[in-house]
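With the working numbering applied, the first sequence covers 311 to 569.
All residues carry an ideal CB built from backbone N, CA and C; glycine is no exception.
Heads up: the structure comes next, in structure tokens.
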Amino acid sequence: MPELPDVEGYRRYLARHAEGQRIARVDVPDPVLIRNRSAQAFGRAVKGKRFAEPTRHGKWLIAPLDGTEVLLHFGMTGHLTWSEDSGRHQHDRLIFVCENGELRYNNMRRFGGVWLARDEHERGEVTGPLGPDAADVDRNLFDELMDPRRGAIKAALMDQRLVAGVGNLMSDEILWRARVHPSTPVRKLGSRARGHLYDALHAVVGESVRYGRVPHGERWLTRVRDDRGARCPRCGTPLRRSTIAGRTACWCPRCQRAQ
DNA sequence: GCTCATGTTCCCCT
DNA sequence: CAGGGGAACATGAG
311 MPELPDVEGY RRYLARHAEG QRIARVDVPD PVLIRNRSAQ AFGRAVKGKR FAEPTRHGKW
371 LIAPLDGTEV LLHFGMTGHL TWSEDSGRHQ HDRLIFVCEN GELRYNNMRR FGGVWLARDE
431 HERGEVTGPL GPDAADVDRN LFDELMDPRR GAIKAALMDQ RLVAGVGNLM SDEILWRARV
491 HPSTPVRKLG SRARGHLYDA LHAVVGESVR YGRVPHGERW LTRVRDDRGA RCPRCGTPLR
551 RSTIAGRTAC WCPRCQRAQ
């Protein structure tokens, strides 16, 4: 379930289990998921190196080793597991075998993948242009980023070049909390609406990062959005769905009035 | 069989 | 150039 908070959860998980561990070798049941090296070259590049403290930018997990770094993207179905036994899962695609256990990159649908980068420049080539991490955006920056933007607010929130880390679930959660209709053109948002959006972004990202996933709390759209006949957690109105920026938007027609 | 799914990219339009 | 729509990618669940 990888949006920003999930990847932050994986980052902490990697730090807890693998940081400081030396890579004895990698096993590669699915070489296709190593995107910019052969399995052999990847193995040679990481063998004998130790995991340093991992970082994250948007939905990208960055795992530095000595003199190089591993970039992980999880697509829609990726996650990490650490294990001290040898019972592997069907969708484990790449395994970093260390002295005291192994870190497994699991990805059922095989979107995303794993890359190697030697420096910031190579990292940028892999990730493409990314805006500031959604957890680091303040109100002024948010305004600056949104200012030149045309088109629907939901598309803007999900555009990784503007703000990195917000996906379909979080964008709907933010818009619902701010009471802004997902297809509202950014240009039509006044200062007040932008303020509500920024506050919602800040709160949703902050709380989600603490949980390591988008919470399914009482007052969260995410709790109900996948239910049949789902209703707004605030007012009970049946939720609506439409396609915006290629994704299914979920919104309350009463709380989030069109335009 | 069909539709839909937490992501990204590419192609064609306007 | 910016943005929208659709398809593609791969795999499973309902």
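Query: So Ala555 is in the alpha helix (DSSP H); what residue range does that whole segment cover?; Result: It is not in any alpha helix (DSSP H) - Ala555 carries neither H nor E in the DSSP assignment.
Query: Is the region 362-370 in contact with the region 318-337, if contact means three or more CB pairs nearer than 8 Å?; Result: yes
Query: What is the DSSP secondary structure of Phe361, counted as helix, strand or coil?; Result: coil
Query: Assign Val342 to one of two classes, buried (16 or more other C-beta atoms within 10 Å of its C-beta) or exposed (fewer than that).; Result: exposed
Query: In this structure, does DSSP put Ala445 in helix, strand or coil?; Result: helix
Query: Assign Lys464 to one of two classes, buried (16 or more other C-beta atoms within 10 Å of its C-beta) or exposed (fewer than that).; Result: buried
Query: Compute the distance between the beta-carbons of Leu419 and Thr387, then report whether it is under 8 Å.; Result: Note on identity: in this sequence residue 419 is Arg, with Leu being the wrong assignment. Taking 8 Å as the Cβ cut-off, Arg419 and Thr387 qualify as a contacting pair.
Query: Around the Cβ of His383, are there at least 16 other Cβ atoms within 10 angstroms (buried) or fewer (exposed)?; Result: buried
Query: Would you mind sorting Ala334 into buried or exposed? The rule is 16 or more other CB atoms within 10 Å of its CB.; Result: exposed
Query: Distance check for Leu507 and Leu455, CA to CA, integer angstroms please.; Result: 13 Å
Query: For the alpha helix (DSSP H) that contains Ser481, what are its first and last residues?; Result: Asn478 to Ala488
Query: At the level of alpha carbons, what is the spacing between Arg497 and Asp402?; Result: 45 Å
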